[in-house]
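Here's the structure, in structure tokens; my notes come after.
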Amino acid sequence: MATCLNHRFPALLAALILALAAPAFAQNNPGSEADNRAVAEQVEALKKKVIRLNRDLFILEEDLLFPANTQVAVFLSVDAGKFLKLDAVKLKVNDKVVASHLYTERQVKALERGGMQRLYVGNLKTGVHRMTAFVEGIGPDERHYKQAASLEFEKGTGTSALEIRVEDRSSNYQPSVSIVEWE
Numbered sequence: 001m002a003t004c005l006n007h008r009f010p011a012l013l014a015a016l017i018l019a020l021a022a023p024a025f026a027q028n029n030p031g032s033e034a035d036n037r038a039v040a041e042q043v044e045a046l047k048k049k050v051i052r053l054n055r056d057l058f059i060l061e062e063d064l065l066f067p068a069n070t071q072v073a074v075f076l077s078v079d080a081g082k083f084l085k086l087d088a089v090k091l092k093v094n095d096k097v098v099a100s101h102l103y104t105e106r107q108v109k110a111l112e113r114g115g116m117q118r119l120y121v122g123n124l125k126t127g128v129h130r131m132t133a134f135v136e137g138i139g140p141d142e143r144h145y146k147q148a149a150s151l152e153f154e155k156g157t158g159t160s161a162l163e164i165r166v167e168d169r170s171s172n173y174q175p176s177v178s179i180v181e182w183e
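UniProt numbering numbers the first residue of the sequence shown as 1 and each following residue consecutively.
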């Protein structure tokens with residue numbers, strides 16, 4: 001019994017101190033309410049400053065990691081739906097896989113409604129590079145479909161942006177995949 005009290009004594013003592021001190025903290029003091037509001041306003045102002053600082057740090061990090069003179073961005077757009085149900089995309093740059101993505105039904109619907117996905121952002125030195133995109137999904141007659149598209153492009157000193165386009169081609173009832181460089 002004595003050891004049980006020894007373990008509970010600190011907790012009982014803390015509870016007793018809180019019970020006796022609570023009325024002192026709960027007094028309605030008109031000046032205290034105004035102080036609380038002032039502190040709350042200061043906290044809100046600090047939160048806003050922290051959010052702005054975080055945004056600025058994110059932008060600075062993007063600029064440091066992906067400088068404009070070496071940056072390459074690759075986007076995916078889908079103008080399909082009749083001949084292809086998109087399942088996955090894999091992207092290679094200079095024969096190295098740099099991005100791959102499996103799509104949920106919700107993501108596919110967003111892309112088919114005109115959305116665009118930023119599939120990859122990276123750095124490439126100036127010169128000629130080869131980009132290959134592999135698109136997989138369910139094609140006509142519920143068959144597994146896989147198609148690749150390649151583009152050889154010259155990376156200049158500025159930012160380069162490329163787009164992987166997946167489109168329905170009604171001439172042969174097949175989807176087509178192409179990579180285009182934005183001007």
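Where a beta carbon is used, it is the ideal one built from N, C-alpha and C, also for glycine.
So the candidates are the options; which of them puts its Cα closest to the Cα of residue i?
i       : options                            : result
Asp-79  : Gln-117, Asn-123, Arg-143, Gly-122 : Gln-117
Glu-181 : His-101, Asn-36, Arg-130, Lys-109  : Arg-130
Pro-75  : Ala-99, Pro-140, Thr-157, Glu-142  : Correcting the residue type first, residue 75 is Phe in the shown sequence and not Pro. Selected option, being the one with the closest Cα: Ala-99.
Val-166 : Leu-64, Ala-133, Arg-37, Val-39    : Ala-133
Glu-152 : Glu-142, Gly-158, Lys-92, Ser-176  : Lys-92
Ala-149 : Gly-158, Arg-143, Ser-176          : Ser-176
Measure the CB-CB distance between residue i and residue j and report whether it falls below 8 angstroms.
i       : j       : result
Ser-160 : Val-72  : yes
Val-128 : Glu-105 : no
Lys-90  : Gly-137 : no
Ile-164 : Leu-124 : no
Note down the Cα distance separating residue i from residue j, rounded to an integer number of angstroms.
i       : j       : result
Val-121 : Asp-35  : 49 angstroms
Leu-5   : Gln-42  : With a pLDDT of 45 at Leu-5, under the threshold of 50, the modelled position of that residue is not reliable, and the figure given next carries that caveat. Distance between the alpha carbons of Leu-5 and Gln-42: 45 angstroms.
Gln-147 : Glu-112 : 18 angstroms
Leu-57  : Pro-67  : 15 angstroms
Tyr-173 : Pro-140 : 7 angstroms
Lys-82  : Asp-168 : 7 angstroms
Lys-109 : Ala-88  : 14 angstroms
Thr-126 : Thr-70  : 7 angstroms
Ala-40  : Asn-54  : 21 angstroms
Glu-183 : Arg-37  : 54 angstroms
Gly-115 : Leu-162 : 15 angstroms
Tyr-145 : Lys-96  : 22 angstroms
Thr-157 : Glu-142 : 44 angstroms
Glu-33  : Val-50  : 26 angstroms
Ala-45  : Arg-52  : 11 angstroms
Gln-107 : His-101 : 11 angstroms
Ser-171 : Lys-48  : 55 angstroms
Glu-61  : Val-135 : 31 angstroms
Ile-59  : Tyr-103 : 28 angstroms
Per DSSP, which one or two residues make a beta bridge with residue i?
i       : result
Gln-42  : DSSP, once it has assigned bridges, lists no residue as partnering Gln-42.
Arg-37  : For Arg-37, which the question treats as bridged, DSSP gives no partner whatsoever.
Ile-179 : Ile-164
Lys-85  : Ile-138
Complete beta strand (DSSP E) runs within the stretch 88-164 (minimum length 3 residues, chain order)
96-102, 116-123, 127-138, 144-155
Quick one: which unbroken beta strand (DSSP E) runs of 3-plus residues sit fully inside the stretch 56-80? Chain order, please.
71-79
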